[in-house]
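Numbering (the working numbering), first residue to last: -11 to 48.
Next up, the structure:
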């Protein structure tokens, strides 16, 4: 069983998310605090959205 398509989708999504994180980091966005007191940034939410959208588009 080959997972080449899944692998390609994952790689492309990760690269896109990484580029988003780099852009956000350059803008020096402040971290917020989640309910458990751990830090989270716009980049975290954005990268999650990018990855979820890529998976949903490739595997409806």
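Even for Gly, the Cβ is constructed at its ideal location relative to N, Cα and C.
Bear in mind the structure is a predicted one, so any value in this text is a computation, not a measurement.
{"Query": "Are the beta-carbon atoms of residue 38 and residue -2 separated by less than 8 Å?", "Result": "no"}
{"Query": "In three-state terms, what does DSSP make of residue 17?", "Result": "coil"}
{"Query": "Rounded C-beta distance between residue 35 and residue 3? I'm assuming under 8 Å.", "Result": "With a Cβ gap of about 11 Å, residue 35 and residue 3 do not count as contacting."}
{"Query": "In or out: residue 5 buried (at least 16 other Cβ within 10 Å) or exposed?", "Result": "buried"}
{"Query": "In the DSSP assignment, the alpha helix (DSSP H) including residue 35 goes from what residue to what residue?", "Result": "30 to 46"}
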